[in-house]
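In the working numbering, the protein residues as written are 139 to 472.
Glycine included, C-beta positions come from ideal geometry on N, C-alpha and C.
Working notes for the structure below.
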């Protein structure tokens, strides 16, 4: 497991089963502090298809690690902040989203270059309710023919749009409103499968004040929720289904391609609100990718003790969903 610490170090943590039980230790340490601007820190790490590690920092540094050595870095323009993760595709390419633009980056030797840049619409200068920063809340998502022909984001316009670009040259493939009946905004990366994306709305979701840069605008908004699937076809983007307020998603949803179901934790239709904490039952849901139909719905906890806080879960090979919340880990079996 690879994790970043605030002081500019990246740790590779190993594990082994011993006679006394499982043991964890730091196997390797990479110091990237010399590659960062003063006061900056790493906020995302991703492996690429060639066995290297890419990292991005909050103040806009993009870097690549091979083994325990930083082999390349690139500073994006001052004032462009990175608050999301990144995505990688074969050939030493990475898609990086700042609070102002989407970048396709290329590693060649010891140089990181910009293949293309596309600015996006944003409300500018304010943090939308249910988002963590002033820009788009999405991590770029590769999908489409070959697995990475397209890259998708949701912009930060007053009425957010799904934006799909050709990953090779940044040419616009299609654009359309991300939501119709769901809340107008998201902090979650789209799910992508084949030529389809599924987007969840987080507009109005209340994050703890320590995790956000000041109050949102508006300070409070109803957490409507909602999921929607949009397909990319030769004639453009087309909405296939949208669930609206029925699915008040409170984790980053995960798709199991083995059975075509989207899994997540969320709230009921009318939870209470206690300042920064949502109160009420927490439910596990499984939604059919093809139709948007709800296939499973079961109570698994009570917020705020079990608030999912938009954390990411993991689906293992046996179909089990492992999902963390603010106090514990839940194991949800099929």
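Counting pairs of Cβ atoms below 8 Å between the segment 315 to 333 and the segment 379 to 391, do you hit three or more? These segments touch.
Quick check on the DSSP output: what are the complete beta strand (DSSP E) runs of length 3 or more inside the segment 279 to 313, in order along the chain? Fully enclosed beta strand (DSSP E) runs of 3 or longer: 279 to 281, 288 to 292 and 299 to 304.
With burial defined as no fewer than 16 other Cβ atoms inside 10 Å of the residue's Cβ, what is the status of residue 322: buried or exposed? If you draw a 10 Å sphere on the C-beta of residue 322, you find 16 or more other C-beta atoms in it, and that means buried.
Proximal residues to residue 420 (C-beta, below 8 Å), its chain only, five neighbours per side dropped: Here the set comprises 388, 403, 404, 405, 437, 438, 439, 440, 441, 444, 445, 446 and 463.
Can you give the beta carbon distance from residue 219 to residue 236, rounded, assuming they're within the 8 Å contact cut? About 6 Å separates the CB atoms of residue 219 and residue 236; that is less than 8 Å, so the two are in contact.
Cβ-based burial, residue 187 [other Cβ within 10 Å; buried from 16]: By the Cβ neighbour-count rule, residue 187 is exposed, with fewer than 16 other Cβ atoms within 10 Å of its own.
Can you tell me the Cα-Cα spacing of residue 465 and residue 392, whole angstroms? Spanning the alpha carbons of residue 465 and residue 392 requires a straight line of approximately 21 Å.
For residue 381, the three-state DSSP class (helix, strand or coil): Here residue 381 sits in coil by DSSP.
DSSP bridge partner residues for residue 201 (one or two, in chain order): According to DSSP, which records beta bridges pairwise, residue 201 is partnered with 193 and 211.
For residue 236, the three-state DSSP class (helix, strand or coil): In the three-state scheme derived from DSSP, where H, G and I count as helix and E and B as strand, residue 236 is classed as coil.
Does the beta-carbon of residue 228 have 16 or more other beta-carbons within 10 angstroms, so that it is buried, or is it exposed? Result: exposed.
Taking only the alpha-carbon atoms, compute the straight-line gap between residue 281 and residue 157 and give it to the nearest angstrom. Approximately 44 Å between the Cα atoms of the pair.
Residue burial classification, residue 290 (beta-carbon count within 10 angstroms, cutoff 16): Using a 10 angstroms sphere on the CB of residue 290, the tally of other CB atoms reaches 16 or more, which defines it as buried.
Could you work out which residue in 359, 258, 209 and 272 is closest to residue 173 when comparing CA atoms only? Nearest option by C-alpha distance: 209.
Which first and last residues belong to the beta strand (DSSP E) in which residue 154 is found? That run of the beta strand (DSSP E) goes 147 to 156.
Would you report the Cα separation of residue 429 and residue 378, rounded to the nearest angstrom? The alpha-carbon atoms of residue 429 and residue 378 are separated by roughly 8 Å.
Identify every residue that forms a DSSP beta bridge with residue 402. In the DSSP output, where bridge partners are listed per residue, residue 402 has 423.
Might you give, ordered along the chain, the residues of its own chain that have their beta carbon closer than 6 Å to the beta carbon of residue 275, omitting 5 neighbours on each side? Excluding residues up to 5 positions away in sequence, 269, 324 and 325 lie with their Cβ nearer than 6 Å to the Cβ of residue 275 in the same chain.
By Cβ distance below 6 Å, which residues in the same chain neighbour residue 372 in space, the five residues on each side in sequence not counted? If we look at residue 372 and ignore the five residues flanking it on each side, it has no Cβ neighbours.
Residue 376 versus residue 451: straight-line alpha-carbon distance, rounded: One alpha carbon belongs to residue 376, the other to residue 451, and they sit about 28 Å apart.
Measuring only the C-alpha atoms, how far is residue 243 from residue 231? Going from the Cα of residue 243 to the Cα of residue 231 covers about 6 Å.
Use the C-beta contact count for residue 401: other C-beta atoms within 10 angstroms, 16 or more gives buried, fewer gives exposed. Buried.
Measuring only the C-alpha atoms, how far is residue 192 from residue 424? About 33 Å.
Where do the ends of the beta strand (DSSP E) carrying residue 142 lie? Where residue 142 is concerned, the enclosing beta strand (DSSP E) starts and stops at 140 to 142.
Within 10 Å of its beta-carbon, does residue 413 have 16 or more other beta-carbons around it, so buried, or fewer, so exposed? The predicted model places residue 413 with a pLDDT of 44, which falls under 50 and marks its position as unreliable, so this point remains unresolved.
Leaving out the 5 sequence neighbours to the left and right, which residues in its chain are closer than 8 Å to residue 365 when beta-carbon positions are compared? 320, 336, 337, 338, 339, 380, 381, 385, 387, 391, 400, 425 and 430.
Below 6 Å CB to CB, which residues in the same chain sit around residue 251 once its five sequence neighbours on both sides are set aside? If we look at residue 251 and ignore the five residues flanking it on each side, its Cβ neighbours are 244.
Excluding five sequence neighbours on each side, which residues of the same chain lie with their C-beta closer than 8 Å to the C-beta of residue 151? So the qualifying residues of the chain are 139, 140, 141, 162, 163, 164 and 165.
Of the residues 367, 346 and 170, which one's Cα is nearest the Cα of residue 358? The residue from 367, 346 and 170 with its alpha-carbon nearest to that of residue 358 is 346.
Nearest CA to the CA of residue 255: which residue from 309, 167, 329 and 433? Considering only 309, 167, 329 and 433, the residue with the shortest C-alpha distance to residue 255 is 309.
Report yes if the CB atom of residue 205 is closer than 7 Å to the CB atom of residue 171, and no otherwise. No, these two residues do not count as a Cβ contact at 7 Å.
Give the secondary structure of residue 182 by DSSP, where H, G and I count as helix, E and B as strand, and everything else as coil. Note: residue 182 maps to strand in three-state DSSP.
Using three-state DSSP, classify residue 321 as helix, strand or coil. Coil at residue 321, not helix or strand.
Buried or exposed by the 16-neighbour rule on C-beta atoms within 10 Å, applied to residue 327: Buried, by the Cβ-count rule.
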